[in-house]
Amino acid sequence: MNTISPGAATRLTIDLIEAAGRKYDENDWTQGPEQIAPVVTWLCSEAANDVTSQIIHSQAGIIGIMQQPAVIKSFTTDNLWTVEQLDKLMPELLEAKKHHDDEVSEKGAPKKV
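Going left to right, the sequence shown walks through residues 769 to 881 as our numbering numbers them.
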């Protein structure tokens with residue numbers, strides 16, 4: 769099973785688009801659901817036979833693969849964590865997350881084809 773993350777306007781999101789100061793244009797394919805159909809068609813094709821457990825994002829001419837939830841960095845203990853231990857470890861974990869997010873953002877920036 770795969771998941772499609774659609775970035776398309778619908779009747780439920782038009783008000784949100786306009787509230788964000790953007791204009792909704794029903795004739796603009798980059799805003800409509802028709803941009804999702806090729807992704808669905810491809811996922812149903814033989815080319816996607818071995819594609820599973822993926823999140824595929826399609827929005828405004830962008831196609832991308834989204835990150836799956838995964839542990840970035842971790843520590844282990846044989847006892848309950850103490851607040852003092854967490855005071856020492858959490859800054860390192862948060863810094864690892866920030867570094868990871870920055871790297872993912874850079875790698876995930878759309879490339880023109």
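Cβ coordinates follow ideal geometry from the N, Cα and C atoms, glycine included.
Return the chain-ordered ranges of every beta strand (DSSP E) run that is complete within the region 787-829 and spans a minimum of 3 residues.
At a cut-off of 3 residues, the continuous stretches assigned as beta strand (DSSP E) that sit fully inside the region 787-829 are 823-827.
Under 8 Å: do the region 823-833 and the region 770-784 share three or more Cβ pairs, one atom per stretch?
A contact exists between the region 823-833 and the region 770-784.
Own chain residues within Cβ distance below 8 Å of Thr820, not counting five before or after:
On the sequence shown, position 52 is the one that residue 820 refers to. Short of 8 Å from the beta carbon of Thr820, and not among the five residues preceding or following it, lie these beta carbons of its own chain, in chain order: Met769, Asn770.
The region 787-806 in contact with the region 834-850 per 3-pair CB rule at 8 Å:
Output reads no: the region 834-850 does not touch the region 787-806.
Please look up how many angstroms separate the CB atoms of Gln835 and Val872, rounded, as I've assumed it's under 8 Å.
Reading the sequence shown from its first residue, position 67 is the one you call residue 835. Reading the sequence shown from its first residue, position 104 is the one you call residue 872. Taking C-beta atoms under 8 Å as the contact rule, Gln835 and Val872 qualify, at a distance of about 6 Å.
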